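Colleague: The sequence shown begins at 0 in numbering that gives the first Met the number 0 and counts up one residue at a time. We put the CB at the ideal spot given by N, CA and C, even for glycine. This structure is a prediction, so every number in the text was calculated from the model and none was measured.
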Amino acid sequence: MSDRLKQLAEAGVSIWLDDLSRERLETGNLADLVKTSSVVGVTTNPSIFASALAKGERYDAQVRELAADGADVERTVFELTTTDVRNAADVLRDVFEASDGVDGRVSIEVSPGFAHDTEQTVAEAAKLWAAVDRPNVLIKIPGTPEGNPAITRTLAAGISVNVTLIFGLDQYAEVMEAYVAGLEQAAANGHDLSTIHSVASFFVSRVDTEIDARLDAAGAEPVLKGRAGIANARLAFEAFEKFFSGERWEALAAQGAHKQRPLWASTGVKNPEYDDTMYVVDLVVEDTVNTMPEKTLQAVADHGVVAGDRVRPFYAEARQTLEDLAAAGIDYDDVIALLIREGVEKFVTAWDELLETVGKSLEQAKA
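(1) Are Tyr178 and Gln259 touching if we call contact CB-CB under 8 Å?
(2) For the beta strand (DSSP E) that contains Pro261, what are its first and last residues?
(3) Which partner residues does Ile138 have in the DSSP bridge list?
(4) In whole angstroms, give me the CA-to-CA distance for Ala130 and Ser1.
(5) At 3 residues or longer, and completely inside the region 175-248: list those beta strand (DSSP E) runs for me, N to C.
(6) Between which two residues does the alpha helix (DSSP H) containing Ile339 stretch?
(7) Beta carbon of Leu127: closer than 7 Å to some heavy atom of the ligand SAM?
(8) Report all residues from its chain with a CB closer than 6 Å to the CB of Leu251; omit the five preceding and five following residues, and keep chain order.
(9) Could you compute how far the alpha carbon of Glu246 sits from the alpha carbon of Ser193?
(10) Determine the contact status of Leu296 and Ala232, defining contact as a CB-CB distance below 8 Å.
(11) By the three-class DSSP mapping on this structure, what secondary structure does Asn270 have?
(12) Ordered along the chain, which non-local residues of its own chain (more than five positions away) have a Cβ less than 7 Å from that of Ala227?
(13) In three-state terms, what does DSSP make of Leu91?
(14) Run the CB neighbour count on Asn86, radius 10 Å, all protein chains shown included, and call it buried at 16 or more, exposed below.
(15) Can you tell me whether Gly307 is buried or exposed? The criterion is at least 16 other CB atoms within 10 Å of its CB, across all chains shown.
(16) Which residue from Gly303, Lys359, Asn289 and Leu65 puts its Cα closest to that of Ala264?
(17) If I'm right that Ile138 touches Thr153 with Cβ under 8 Å, what's the distance once you round it to whole angstroms?
(18) Which residue's Cα is closest to the Cα of Asp274: Ser204, Ala51, Phe236 and Arg133?
(19) Starting from Ile150, follow its DSSP beta bridges and name the residues at the other end.
(20) Around the C-beta of Arg23, are 16 or more other C-beta atoms found within 10 angstroms, so that it is buried, or is it exposed?
(21) When the distance is taken between beta carbons, is Pro141 closer than 8 Å to Val343?
(22) Is there contact between the region 359-366 and the region 63-76, where contact requires at least three CB pairs shorter than 8 Å?
(23) Are the beta-carbon atoms belonging to Leu164 and Phe113 less than 8 Å from one another?
(24) For the beta strand (DSSP E) that contains Val38, what are its first and last residues?
(25) Do Gly218 and Asn270 have their beta-carbon atoms positioned less than 8 Å apart in this structure?
(26) By the DSSP assignment, the beta strand (DSSP E) with Leu32 in it spans what residues?
(27) With a threshold of 6 Å on Cβ separation, who are the neighbours of Pro148 within its own chain once the five nearest residues in sequence on each side are excluded?
(28) So, Val105 versus Ala125, is the Cβ gap smaller than 8 Å?
(29) Would you mind reading off the limits of the beta strand (DSSP E) that contains Leu16?
(30) Where in the region 273-325 do unbroken runs of the beta strand (DSSP E), each at least 3 residues long, occur, reported from the N-terminal end onward?
(31) Give me the residue from Ser46, Ser98, Val160 and Val357 with the minimum Cα distance to Gly146.
(32) So, is Ser244 buried or exposed, given that buried needs 16 or more other C-beta atoms within 10 angstroms?
(33) Within its chain, find whatever has a CB closer than 6 Å to the CB of Val38; leave out the 5 residues flanking it on each side and keep chain order.
(34) Within the continuous alpha helix (DSSP H) that includes Pro144, where are the two ends?
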């Protein structure tokens, strides 16, 4: 067991792997990471599946079966991805049971093409939930204006949700409201709130990538570079603590409701000049999840320094960072709007690549 990863877990951070493939499942790699690297969850997205299916021959047998059954491309993708998620959920079932449902979670995302379609998102979420058929799955829904009512309605049906593509503080406030509204409706619908869980995936490194580029274009002092993402996330945690308190929340907590934990996503460093563990070690605080690509997981295990709470003591500094960025000409709201738009577009592109890859495999299987 890695001592550094163990320290991270003991500090209250749930370590989730931001990757999944049939190779990881069939070779026992995922099970090994659970045993040796404190991994207690898995997240997926269209890009991850596109990469896995493009490289993996381990999908060929199932593709041949589906081709023989007359499956089209979309059904084939649905069957391949839900099979992987179901099997990963089984690997993590013991963690799920031991943590009383807090961890041991595997996330699968609704088709990104539905990001701006509430009705389609609700329908797809229910379909994925039923197909995976495991209590430890989380259905990923983007925190877009159209996604938020879908989040509420999905939770109201008793389905656990991972809200993804959160970049900004105002956006995050709307996501937390959508979550609590969903719990209130779930209670009214007779669901046991203790069985419903959620995380809010707050993206970190992409904020720095965009703001750093704007700082360079403006000829700003380099001292401001690489600071926005962590400052933004720290203020998100402050908002989390404030939101999940007071009478409204206490009424739900009394019915067994769980707080929607912040999940730090996009924690792989994009700029090679930055410390490759910064989006992990500088966001250590309890009641959070950090989902990491394996490269980042290995970096933390090798040289990450876990030094207690790195969020609460830095709220004032984080606010000052955002003020300094505004003074340097950075339009925060414009940055966030762009990142949300680009986030959806990138997943749509990856989904299209996934469909193309699987389409070629189907054609070969039918030949």
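Modeller: Reading from the atomic positions:
(1) To locate residue 178, count along the sequence shown from 1; it is residue 179. To locate residue 259, count along the sequence shown from 1; it is residue 260. Their beta carbons are under 8 Å apart, which means Tyr178 touches Gln259 by this criterion.
(2) The count along the sequence shown starts at 1 and reaches residue 261 at position 262. Arg260 to Ala264 is the span of the beta strand (DSSP E), which, as asked, contains Pro261.
(3) Within the sequence shown, the letter at position 139 stands for residue 138. Per DSSP, Ile107 and Val160.
(4) As a first step, residue 130 is located in the sequence shown; it is residue number 131 there, counting from the start. As a first step, residue 1 is located in the sequence shown; it is residue number 2 there, counting from the start. Their backbone Cα atoms lie some 35 Å apart in a straight line.
(5) If you keep only unbroken beta strand (DSSP E) runs of at least 3 residues inside the region 175-248, you get 197-202.
(6) Position 340 of the sequence shown, counted from the first residue, corresponds to residue 339. Note, Ile339: alpha helix (DSSP H), Tyr331 to Lys365.
(7) By its list of ligands, the structure shown contains no ligand whatsoever, and the ligand SAM lies outside what it can speak to.
(8) As a first step, residue 251 is located in the sequence shown; it is residue number 252 there, counting from the start. The residues are Leu182.
(9) For the purposes of this step, residue 246 is taken as the residue at position 247 of the sequence shown. For the purposes of this step, residue 193 is taken as the residue at position 194 of the sequence shown. Looking at the two C-alpha atoms, the distance is approximately 18 Å.
(10) Residue numbering aside, residue 296 sits at position 297 when the sequence shown is read from its first letter. Residue numbering aside, residue 232 sits at position 233 when the sequence shown is read from its first letter. Result no, Cβ atoms of Leu296 and Ala232 do not sit closer than 8 Å.
(11) The residue you call residue 270 lines up with position 271 of the sequence shown. Of the three classes helix, strand and coil, the one that applies to Asn270 here is coil, per DSSP.
(12) By 1-based counting over the sequence shown, the position of residue 227 is 228. Spatial neighbours of Ala227 in its own chain (CB-CB distance under 7 Å, excluding positions within 5 residues in sequence) are listed in chain order as Val206, Asp207, Ile210, Thr320 and Leu324.
(13) Here residue 91 is taken as the residue at index 92 of the sequence shown, counted from 1. Here Leu91 sits in coil by DSSP.
(14) What you label residue 86 is simply residue 87 of the sequence shown in a count that begins at 1. Flag for Asn86 reads buried.
(15) Here residue 307 refers to the residue found at position 308 of the sequence shown. Counting Cβ neighbours within 10 Å, Gly307 comes out exposed, since fewer than 16 surround it.
(16) Taking the sequence shown and counting its residues from 1, one reaches residue 264 at position 265. Out of Gly303, Lys359, Asn289 and Leu65, Asn289 has the C-alpha closest to the C-alpha of Ala264.
(17) As a position in the sequence shown, residue 138 is number 139, starting the count at 1. As a position in the sequence shown, residue 153 is number 154, starting the count at 1. With 8 Å as the limit, Ile138 and Thr153 qualify as a contact, their Cβ atoms being about 6 Å apart.
(18) Here residue 274 refers to the residue found at position 275 of the sequence shown. Comparing Cα-Cα distances from Asp274 to each of Ser204, Ala51, Phe236 and Arg133, the minimum goes to Ser204.
(19) If you number the sequence shown from 1, residue 150 lands on position 151. Partner(s): none; Ile150 has no beta bridge.
(20) In the sequence shown, counting from the first residue as 1, residue 23 sits at position 24. Buried is the call here.
(21) The residue given as residue 343 occupies position 344 in the sequence shown. The residue given as residue 141 occupies position 142 in the sequence shown. In this structure, Pro141 lies closer than 8 Å to Val343 by Cβ.
(22) Below 8 Å, enough C-beta pairs join the region 359-366 and the region 63-76 to call them touching: three or more.
(23) Here the question's residue 164 lines up with position 165 in the sequence shown. Here the question's residue 113 lines up with position 114 in the sequence shown. Contact annotation: Leu164 and Phe113 have beta-carbon atoms that are not nearer than 8 Å.
(24) What you label residue 38 is simply residue 39 of the sequence shown in a count that begins at 1. Run containing Val38: Val38 to Val41, per the beta strand (DSSP E) assignment.
(25) For the purposes of this step, residue 270 is identified with residue 271 of the sequence shown, where counting begins at 1. For the purposes of this step, residue 218 is identified with residue 219 of the sequence shown, where counting begins at 1. No. Outside cutoff.
(26) As a working note, residue 32 is residue 33 in the sequence shown. First-last for Leu32: Asn28 to Thr35, but that is the alpha helix (DSSP H), not the beta strand (DSSP E).
(27) Locating residue 148 in the sequence shown gives position 149, counting from the first residue. Hits under 6 Å: Thr117.
(28) Counting from 1 along the sequence shown, the entry for residue 105 is found at position 106. Counting from 1 along the sequence shown, the entry for residue 125 is found at position 126. Cβ distance not < 8 Å, so Val105 and Ala125 don't count as in contact.
(29) Stepping through the sequence shown from its first residue, residue 16 is reached at position 17. Counted as a single uninterrupted DSSP element, the beta strand (DSSP E) harbouring Leu16 occupies residues Val12 to Leu16.
(30) Taken in chain order, the complete beta strand (DSSP E) segments of 3 residues or longer contained in the region 273-325 are 287-291.
(31) Mapped onto the sequence shown, residue 146 falls at position 147. The candidate whose alpha carbon is nearest that of Gly146 is Val160.
(32) Here residue 244 refers to the residue found at position 245 of the sequence shown. Exposed, because fewer than 16 other Cβ atoms sit within 10 Å of the Cβ of Ser244.
(33) In the sequence shown, counting from the first residue as 1, residue 38 sits at position 39. So the list reads Ile14, Leu16 and Leu32, once near-sequence residues are dropped.
(34) Taking the first residue of the sequence shown as position 1, residue 144 is located at position 145. From DSSP, Pro144 is part of no alpha helix (DSSP H); its letter is neither H nor E.
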